[in-house]
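Participant:
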Amino acid sequence: MELKDKTVVTYHRGVDTIGGTNIEISYGNSHIFFDLGIVFKPELNLENEHYDTLVKNHLIPKLSGFYDEQLPSAPSWNSDFKYSAAFVSHLHLDHTKMINYVDERLPIYATPETIKVLNAINEQQDFLLPAWEHSNNYIRPINQLKINQKISIGQIEVEFVPVDHDADGAVAFLIHTPDNFIAYTGDLRLHGFHPEWTRKFMEKAKNCDLLISEGVGVSFPNENRLEISSENDLVTNFCKIIKENIHSPITFNTYPGNLSRLIEICNQCPRKVVLSASRANLLKKVTGIQESYYYLPGEKRILDLNPENEVSLADLFEYPEKYVWQIEQQFELLKPGTIYIHSDAEPLGDFDPAYHTFIEKLEKQDVQMIRLTCSGHATSEELGEIIAGIKPQLLTPIHSFHPENLKNPFGKRLLVQNGQSLVLR
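Numbering (the UniProt record's numbering), first residue to last: 1 to 425.
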């Protein structure tokens, strides 16, 4: 009697952390990986981010047939599979940072928008880990897979489905093997600019055999923090701050990958929005939109920007009631009495040791910081609604400090461990 191949899901990393997801699905001579970030633990204060350092500190998994064998201490290339590929759900670092550590014999797929933003952001040479013996702004080849397009990696079929997240180009995956239907949420929510995308994914993933779901929203059960209810609400509150402080100098910053929020701020703000030259260049390269910009002292000029859109730094200081400007470095230039709106920019929050240092510096300058945040992740209530909409036969929660808090009233739930393999029936 011939033995039948089975679908095997291995949760290499990212089960009990927010970030660093790395999952492998195999069937017969075919296998795929997703995602390609590292676990974010700045408190470790690592001397470097070399391959062996990251593996030793459990920030990336130790895998064969995956890493660039030229990396010092990385294993030699060895794979038992005929068909292999890796997939990226969205551009955030906890899903992309080690892209350049992946051997170029392993093809990587992402949406065109994700690729475009990654290339633009990494031009400053400080986003992704650098590839071995390449310049720091190099990105290894990534193949485009358009939304709602399917691709077969041997006997495994993958389809990208758009979802709402605070990163442009974010997708969930629908994965079919000969025996099983698996859905992977990536990161998603129902309170962004396009909740209909997430609802469409719920519909397409309905009754899947396995749902691999992020669980950020159930990570902080005892936290009672007032949150902005939606992206639209955030932009409304942003504009309200401007209107209530007519004569105050106002600056702000956002996460560079959330261009949709930045565009809405520019469109709705009652003052003229002026971006840093680097952010204006990013926006232009990805969307074609050209906004006003300025240079900080000593900054290199960007030839692709329209000189007619430049506003001098002197004018920003001299006419504070006319402008609201975006700042991402040299905060020491801000004058006492300035309002600074921190809108999901880096440093990201309390879990980052740099965050408290950042706040203290602003306080010493007599700069008033207003934190205006809207989570890119589904709330606990939204996660319940998403699971209810999909009704998976089996749920494995990941990407959460407390995956045990995510329930599945419609089928089974399994709390997996990092490194665990699950054989589907």
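Even glycine gets a Cβ: it sits at the ideal position worked out from N, Cα and C.
Quick caveat, the model's predicted, so the values are computed rather than measured.
A86 bridges to which residues according to DSSP?
Facilitator: F33, I108
Participant: With 16 as the cutoff for other CB atoms within 10 Å, does V15 come out buried or exposed?
Facilitator: It is buried - the Cβ of V15 has at least 16 other Cβ atoms within 10 Å.
Participant: According to DSSP, is M98 helix, strand or coil?
Facilitator: coil
Participant: Work out the CA separation of I212 and I398 for me, nearest whole Å.
Facilitator: 7 Å
Participant: What do you get for L303, buried or exposed, if any count of 16 or more other CB atoms within 10 angstroms of its CB means buried?
Facilitator: exposed
Participant: List, from N- to C-terminal side, the beta strand (DSSP E) runs of 3 residues or more that fit wholly inside the segment 141-217.
Facilitator: 150-153, 156-162, 171-176, 181-184, 210-214
Participant: Provide the residue(s) that pair with F252 in DSSP beta bridges, ordered along the chain.
Facilitator: Q326, I341
Participant: So is L262 buried or exposed if we call it buried at 16+ other beta carbons inside 10 Å?
Facilitator: buried
Participant: Is the segment 19-26 in contact with the segment 88-100, if contact means three or more CB pairs nearer than 8 Å?
Facilitator: Cβ pair count under 8 Å is three or more, so yes.
Participant: In angstroms with no decimal places, state the Cα-to-Cα distance between G337 and S230.
Facilitator: Answer to the nearest angstrom: the Cα atoms are 29 Å apart.
Participant: Within 10 angstroms of its Cβ, does R225 collect 16 or more other Cβ (buried), or is it exposed?
Facilitator: Note that R225 scores 49 on pLDDT, short of 50, meaning its location in the model is unreliable; the coordinates nonetheless yield the value given after this. Exposed is the call here.
Participant: So what does DSSP say about H12, is it helix, strand or coil?
Facilitator: strand
Participant: Out of L424, N258, V311, state which residue places its alpha-carbon closest to the alpha-carbon of V117.
Facilitator: N258
Participant: Going by Cα to Cα distance, which pick from N207, A345, N418 is closest to I390?
Facilitator: If we check each option's Cα against that of I390, N207 comes out closest.
Participant: Taking A110 as the reference, which of H176, E318, G169, L71 has the closest Cα?
Facilitator: G169
Participant: Rounded to whole angstroms, what is the Cα-Cα separation between N78 and C239?
Facilitator: 55 Å
Participant: Taking only runs of the beta strand (DSSP E) that begin and end inside the segment 281-306, which ones reach a length of at least 3 residues, in chain order?
Facilitator: 292-294
Participant: Might you give, ordered along the chain, the residues of its own chain that have their beta carbon closer than 8 Å to the beta carbon of N309, omitting 5 neighbours on each side?
Facilitator: A280, Q290, E291, S292, Y293.
Participant: Rounded to the nearest angstrom, what separates Q420 and L414 at their Cα positions?
Facilitator: 11 Å
Participant: Is it right to say K284 is buried, meaning 16 or more other beta carbons lie within 10 angstroms of its own, or is it exposed?
Facilitator: buried
Participant: Could you give the distance in angstroms between the alpha-carbon of P141 and the alpha-carbon of V158?
Facilitator: 19 Å
Participant: According to DSSP, which residues form a beta bridge with K41?
Facilitator: K41 pairs with nothing; no bridge assigned.
Participant: Quick one: grab the DSSP three-state call for R271.
Facilitator: coil
Participant: Quick check on H247 - is its C-beta less than 9 Å from some C-beta in chain B?
Facilitator: Among the protein chains of the structure shown there is no chain B, as only one such chain exists.
Participant: With which residues is P397 paired in a DSSP beta bridge?
Facilitator: S213
Participant: Could you check the C-alpha separation between L46 and P75 for me, to the nearest Å?
Facilitator: 22 Å
Participant: Using a 10 Å radius around the Cβ and a threshold of 16 neighbouring Cβ atoms, would you call H314 buried or exposed?
Facilitator: Per the sequence shown, residue 314 should be read as Ala rather than His. Label assigned to A314: exposed.
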